[in-house]
Amino acid sequence: MRIGLVLAYKGVNYGMLLQAFATQEVIHMLGYDTEIIDYMRTDFKHIRKTPYLLWHLIEEFGRKRKLKTRNANQLQYDEIHKKNLSERKAVSNVFIKEKLQNQKKISGIIDLENYAKGLNGVLVGSDQLWAPDAVFGNFATLRFVPDYINKISYATSLGVAEYPFYCKSSAANFLKRINHISVREEQGKKIIEELCDSSVQVVLDPTYLLTKEEWNRLIPEERIIDGKYVLCYFLGGTEKHKQLARDYADKHGLKLIAILSTESVSAIDTSYADLVITGYGPEKFLNLIRGAACVMTDSFHGLAFSVINNKQFYVFYRTKVGSKNSRNSRIDNILDTWNLQSRLILDDDSIDNLDNNPIDYNRVNKILEIKRADSLEYLKTALKDCK
1 MRIGLVLAYK
11 GVNYGMLLQA
21 FATQEVIHML
31 GYDTEIIDYM
41 RTDFKHIRKT
51 PYLLWHLIEE
61 FGRKRKLKTR
71 NANQLQYDEI
81 HKKNLSERKA
91 VSNVFIKEKL
101 QNQKKISGII
111 DLENYAKGLN
121 GVLVGSDQLW
131 APDAVFGNFA
141 TLRFVPDYIN
151 KISYATSLGV
161 AEYPFYCKSS
171 AANFLKRINH
181 ISVREEQGKK
191 IIEELCDSSV
201 QVVLDPTYLL
211 TKEEWNRLIP
221 EERIIDGKYV
231 LCYFLGGTEK
241 HKQLARDYAD
251 KHGLKLIAIL
261 STESVSAIDT
271 SYADLVITGY
281 GPEKFLNLIR
291 GAACVMTDSF
301 HGLAFSVINN
311 KQFYVFYRTK
321 VGSKNSRNSR
331 IDNILDTWNL
341 QSRLILDDDS
351 IDNLDNNPID
361 YNRVNKILEI
371 KRADSLEYLK
381 TALKDCK
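Letter 242 of the sequence shown, counting from 1, is numbered 242 in full-length UniProt numbering, and no numbers are missing.
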């Protein structure tokens, strides 16, 4: 059985790379062969001119104007950012080459449609592949897959609390063709069921489908940092978040280790921690979490691997509450799943009112085992329809 995989894996984000790897490995464990579809579109002149794409152009124009006004001091941090990004790309590319198997390079929609005819099924997931800007395309929506081939969504995230009005019709059209739909968040289930009257199941992110022991077998444990430390993994993060992390480490007598963001770099990013990590790949990222006494993050997968490895953690929203482009629902949903809402740090919180009680992982692990079994059963059932 050949299952084509539509995954987000081209980039440097640790969570993206590790969830793609987990998806592949779990399907292999269930007895199926996989082929990761490495698609390059060639029909750029036909890109749909949507309001969402227009918004991206406006954002890019604003970003370039900001770059022109940067002072000389900020330029030194831009150089640090470029170096870190370059190093991360190099190690990420090694991970992609060595860990993600059977990548099939395909150019153009015609070749993609012809390729799909030879598959027994196609699975899309996980990550934010059904975000508003993706619903107009042919790839993550599986529009390229013939009607007679089984189409599966596993833990696909919409990334938003609500679809904008202008993409609802297009989303409904492609969703009706998916044979088995599962999503990562309750809000995604609600949105899809309102759009197309399909039955939608909420399942765990693929990273949770592998046990701690299975992750240790696939990516062996390695001590990266000696001694006890707090690990900070911020994709964004405000100055206040980083100062709170510094205060927490000082209060508990712990070293503070920070993974430098690939989004941007400012003065505080290079100064608030005892050690700033640059250029590490996904394997070392996972081992930094394994070795930490506590993890502070605004990342969905930073939180996920903290739970899998039974780490004490605190999580921050990456965007402001009520923000138009907020994707905080992803964090809310997973904290609700484990009943760990007290580990969320809000903007008005201080070091004095954090929940310092150890997380009861006996309770959390029992929930995880049940959710993992349910999610695997969904995946097994969906894959059985592949002919």
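Just so you know, even glycine gets a beta-carbon here, dropped at the ideal spot from N, CA and C.
Just measuring C-alpha positions, the residue of R372, I359, L195 and L383 sitting nearest Q312 is I359. Linking N13 to E214 through their CA atoms gives a straight-line distance of about 22 Å.
Cα atoms of C386 and D33: separation of roughly 12 Å, rounded to the nearest angstrom. Between the beta-carbon of V315 and that of L346 there is about 11 Å, and that puts the pair past the 8 Å contact cut. Counting C-beta atoms within 10 angstroms of its own C-beta, V94 has fewer than 16 neighbours from the protein chains shown and is therefore classed as exposed. Selection L195, L354, D38 and E377 evaluated against M296 yields L354 as nearest (Cα-Cα). By the neighbour-count criterion, in which 16 or more other beta carbons inside 10 Å mark a residue as buried, A90 falls on the exposed side.
Per DSSP, the continuous alpha helix (DSSP H) segment holding N114 begins and ends at I109 to A116. A direct Cα-to-Cα measurement between I149 and K117 gives close to 8 Å. Beta-carbon to beta-carbon, V135 and A155 are separated by about 17 Å, too far to satisfy the 8 Å threshold. Here the alpha carbon of E239 sits roughly 28 Å from the alpha carbon of E283. Here the C-alpha atom of L231 lies approximately 23 Å from the C-alpha atom of F21. By a beta-carbon distance limit of 8 Å, A249 contacts L256. Their separation comes to about 4 Å. Distance from the CA of R290 to the CA of L17, rounded to the nearest whole angstrom, comes to 18 Å. Between P206 and the set R2, A8 and G236, the nearest pair of CA atoms involves A8. One thing to note: E35 has its Cβ within 8 Å of the Cβ of N102. For D78, the closest alpha carbon among the candidates K151, T270 and C294 is that of T270. Beta-bridge partners assigned by DSSP to R2: D33.
For Q24, the secondary structure class from DSSP, reduced to helix, strand or coil, is helix.
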